[in-house]
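Asker: Here it is, the structure, as structure tokens.
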Amino acid sequence: MIYFLIFLFILILIISLRYNWWRIPQSYKKARVLMYHSIREHVGNEKHNKWRVKPQDFEKQMNWFYKNNWKSFTISELSKLDEIPEKSFVITFDDGYEDNYLNAFPILKKYDFKATIYLVPNQKTNHWEEKNTSVLSNLLNEKQILEMLNSGLIEFGSHTLSHVNLSTINDEQLLNELKKSKEEVEKITNKECEAFAYPYGKFDDKIVQAVKNVGYKNATVVKRGLFEENDDVFTIKRVGILGTENFVDFLLKVSRVRNKL
1003 MIYFLIFLFI LILIISLRYN WWRIPQSYKK ARVLMYHSIR EHVGNEKHNK WRVKPQDFEK
1063 QMNWFYKNNW KSFTISELSK LDEIPEKSFV ITFDDGYEDN YLNAFPILKK YDFKATIYLV
1123 PNQKTNHWEE KNTSVLSNLL NEKQILEMLN SGLIEFGSHT LSHVNLSTIN DEQLLNELKK
1183 SKEEVEKITN KECEAFAYPY GKFDDKIVQA VKNVGYKNAT VVKRGLFEEN DDVFTIKRVG
1243 ILGTENFVDF LLKVSRVRNK L
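In the numbering used here, the protein residues as written are 1003 to 1263.
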């Protein structure tokens, strides 16, 4: 009996170190802003697979939100709310991969869920990741963007012209990346581009001010956290959903923000 109890204690300890089930769940009055990238099958054992959520996993995650009566918003809709309803969430996709249209969009339509996609206009592939993957992915084309836009479910924001780390360029380049990408998105959609996402999550006070000056209405970061009333809408925190994590990780992230120590 004593050996069984010791074994049970060690097992619980191991599970507790792997999964943060013991953390207090966050209030449902705080909105969950989820960060996705690519929705596609994995490529070999590449480290880049963490940014690739398999379609069947994405379906399972969306089904969970649907069955548990969560309310879906775009990031711009959420940022304008005076009061956030309980169980509010936003789906965001960085980079604008073609598989967002091929694999994610049908699932979003199935559940009538909204999303915000941050485009890197004028780019055809994710060439900025060529050192991290053996397979470059196509980005959304104009026809796909317009079909998604016309569904009424998808908002398109900017992720700069070239997916550059904004903290590494001069003021003139910064203005060009922010202004021209906004104009390009607006040219495609014929709508105001309100939303921005900082590439690589890199920003400082100067960059935030430049984002405001160009005319964006909100911006998201990579830093982990939830969104609540009176938070700064130009540094909206997100919960990153990774393709290398399981459904338990997903549930812990949604409820507790963290899934591990």
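All C-beta atoms, glycine included, are put in the ideal place defined by N, C-alpha and C.
Are the CB atoms of residue 1159 and residue 1115 within a distance shorter than 7 Å?
Answerer: No, Cβ-Cβ distance for residue 1115 and residue 1159 is not below 7 Å.
Asker: With which residues is residue 1119 paired in a DSSP beta bridge?
Answerer: BP columns for residue 1119 point to 1095 and 1158.
Asker: Around the C-beta of residue 1235, are 16 or more other C-beta atoms found within 10 angstroms, so that it is buried, or is it exposed?
Answerer: Its Cβ being crowded by 16 or more others within 10 Å, residue 1235 is buried.
Asker: Who are residue 1220's beta bridge partners in DSSP?
Answerer: BP columns for residue 1220 point to 1197.
Asker: So residue 1157 and residue 1076 are in contact, right, with Cβ under 8 Å, and what is the actual spacing, rounded?
Answerer: About 4 Å separates the two Cβ atoms, so the contact holds.
Asker: Around the C-beta of residue 1036, are 16 or more other C-beta atoms found within 10 angstroms, so that it is buried, or is it exposed?
Answerer: Result: buried.
Asker: Helix, strand or coil, according to DSSP, for residue 1105 in the structure here?
Answerer: Here residue 1105 sits in helix by DSSP.
Asker: Using CA coordinates, which residue listed in 1228, 1204, 1196 and 1232 is at the minimum distance from residue 1215?
Answerer: Here the closest residue by C-alpha is 1196.
Asker: Looking at the unbroken beta strand (DSSP E) that takes in residue 1038, where does it start and where does it end?
Answerer: Start and end: 1034 to 1038.
Asker: Using a Cβ distance threshold of 8 Å, determine whether the segment 1172 to 1186 contacts the segment 1141 to 1148, with at least three qualifying pairs required.
Answerer: Contact fails: fewer than three Cβ-Cβ distances are below 8 Å.
Asker: Given that a residue counts as buried once 16 or more other Cβ atoms are within 10 Å of its Cβ, and exposed if not, what is residue 1087?
Answerer: Residue 1087 should be labelled exposed.
Asker: Kindly indicate which residue of 1244, 1249 and 1233 has the alpha-carbon position closest to the one of residue 1033.
Answerer: Considering only alpha carbons, the answer is 1233.
Asker: Among the candidates 1174, 1123 and 1244, whose CA atom is the shortest distance from the CA of residue 1188?
Answerer: Checking every option, the nearest Cα to that of residue 1188 belongs to 1123.
Asker: What span of residues does the alpha helix (DSSP H) with residue 1252 cover, start to end?
Answerer: Segment 1249 to 1258, the alpha helix (DSSP H) holding residue 1252.
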